[in-house]
Amino acid sequence: MKAIMMTAVGNPDVLALQDIDEPEISTATQIKVRLKAAGVNPVDTKIRRNGLLYDNPLPVVLGCDGAGEVVETGSAVSRFKPGDKVWFCNGGLGREQGNYAEYTVIDQRWASLMPESSSFIEAAALPLVLITAWGALFDRGGLQAGQTVLIHAGAGGVGHVAIQLAKLKGAKVITTVSSSQKAEFAKAMGVDHAILYMQDNFVDAVNGLTGGKGADLVFDTVGSDVFKESIAATAHFGRLVTLLDPGELNLVEARMRNLLIGFELMLTPMLRDLHEARDKHVEILKQCAQWFDEGLLKTHISEQLALAEAAKAHESIEAGHSIGKIVLTL
């Protein structure tokens, strides 16, 4: 089969299209999937640039997000049959095969039926970002109806679905974006207020929009500097959740505000084989499939590229200008 192999640690040109053996079912509960599309996420580019998350040799196939059609099932599979359309977040970290390939094998426990109304491309774009946004907003952030949440980078892959999930919860949503185009996009996703952070100080803007209170929850998808600045935009007794390492912190003001600070790394259950936590991920996909079919949830695909163009996809993500998601088609 054709697959994109990460042949070394380095720039996007280490990604090479190669012919490799098709994976085969090795346990009774596995399914074999003909992949139709693979989502591309920032974690893929970080692994390519910094190295695998397991102590395994190269080359490997990257890509955590996949969508495709079941073509074969193990003898004990009860959830799926050949012809079923499935989506999942599995592999691509340096142990199990990732999804930049024509076929994959996955335990039935970690797959879910795709939304009936979605294309393979839409489905492949969503699993990692949906699970990440859900964990940050609801599990770590405890977001409730009527609260105000600040979601940084609302036009990004995680940000644009986080806006929709927060609105489905009944929250008031503020976001930061870099351009008027991205502000209009965020408004189309349902955001109440979009702050152009290159023109306006987002802390002053958030405090102005909340009568000086600050946001009940701040969701940082950007990094250290934004996290530190966000302390002053978080309400007293509020919550501040980040996807990234905030670095060295002066937490005097956070302590004075009695903030709960949380971290969301949706890869942890895969990396540490926390099976019950991964079961929760599958339940999230089932709920989001229902919302997608009801027209309450959508995704935006900024680029749809052929499998052989994986390096171009990585270049686009690292340039930082993408709106929504980038997907490889097979």
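Just add 7 to wherever you are in the sequence shown, counting from 1, and you've got the working numbering.
Each residue gets a CB set at the ideal place from its N, CA and C atoms; glycine is no exception.
A quick note: this is a predicted structure, and the numbers were derived from the prediction, not measured.
{"Query": "Simplified DSSP state of residue 211, which is helix, strand or coil", "Result": "helix"}
{"Query": "Residue 158 beta carbon less than 9 Å from that of residue 228", "Result": "yes"}
{"Query": "For residue 347, three-class secondary structure by DSSP", "Result": "Nothing about residue 347 can be read from this structure; the chain reaches only from 8 to 337."}
{"Query": "Classification of residue 275 by the beta-carbon crowding that lies within 10 angstroms, buried from 16 upward", "Result": "exposed"}
{"Query": "Rounded C-alpha distance that separates residue 186 from residue 207", "Result": "11 Å"}
{"Query": "Residue 266 to residue 31 span [Cα, whole Å]", "Result": "49 Å"}
{"Query": "Endpoints, the beta strand (DSSP E) within which residue 269 is located", "Result": "267-270"}
{"Query": "Three-state class that DSSP yields for residue 31 in the structure shown", "Result": "coil"}
{"Query": "Coil, strand or helix - residue 320 by DSSP", "Result": "helix"}
{"Query": "Whole beta strand (DSSP E) elements within the segment 190-255, 3-residue minimum", "Result": "200-203, 222-227 and 241-249"}
{"Query": "Pick from 246, 198 and 44 that is closest to residue 221, judged by C-alpha positions", "Result": "246"}
{"Query": "Contacts around residue 194, its chain only, beta-carbon distance under 7 Å, and the 5 residues preceding and following it disregarded", "Result": "201"}
{"Query": "Start and end residues, beta strand (DSSP E) containing residue 96", "Result": "92-96"}
{"Query": "Inter-residue Cα distance where the pair is residue 312 and residue 164", "Result": "16 Å"}
{"Query": "Residue 52: first and last residue of the uninterrupted alpha helix (DSSP H) it sits in", "Result": "49-57"}
{"Query": "Cβ separation of residue 169 and residue 226, assumed to be a contact under 8 Å, to the nearest whole Å", "Result": "6 Å"}
{"Query": "Reference residue 145; option with closest CA among 13, 16, 287 and 336", "Result": "287"}
{"Query": "Assumed close pair residue 118, residue 38 - CB separation to whole angstroms, cut-off 8 Å", "Result": "6 Å"}
{"Query": "Residue 253 classed as buried or exposed, judged by whether at least 16 other C-beta atoms fall within 10 angstroms", "Result": "buried"}
{"Query": "Cβ-based burial, residue 285 [other Cβ within 10 Å; buried from 16]", "Result": "buried"}
{"Query": "DSSP state of residue 76 mapped onto helix, strand, coil", "Result": "strand"}
{"Query": "Reduced DSSP secondary structure (H/G/I, E/B, other) of residue 154", "Result": "coil"}
{"Query": "Span of the beta strand (DSSP E), counted from its first residue to its last, around residue 273", "Result": "Here residue 273 belongs to no beta strand (DSSP E), and DSSP marks it neither H nor E."}
{"Query": "The segment 313-325 in contact with the segment 41-61 per 3-pair CB rule at 8 Å", "Result": "yes"}
{"Query": "The segment 255-263 contacting the segment 76-86, beta-carbon criterion three pairs below 8 Å", "Result": "no"}
{"Query": "For residue 92 and residue 162, the rounded distance between their alpha carbons", "Result": "28 Å"}
{"Query": "Three-state secondary structure assigned by DSSP to residue 146", "Result": "helix"}
{"Query": "Cα-Cα separation between residue 203 and residue 101, rounded to whole angstroms", "Result": "38 Å"}
{"Query": "Rounded distance between the beta-carbons of residue 73 and residue 23, thought under 8 Å", "Result": "The pair is not a contact, with the Cβ atoms about 20 Å apart (cut-off 8 Å)."}
{"Query": "First and last residue of the uninterrupted beta strand (DSSP E) at residue 263", "Result": "Not the beta strand (DSSP E): residue 263 falls in the alpha helix (DSSP H), residues 259-263."}
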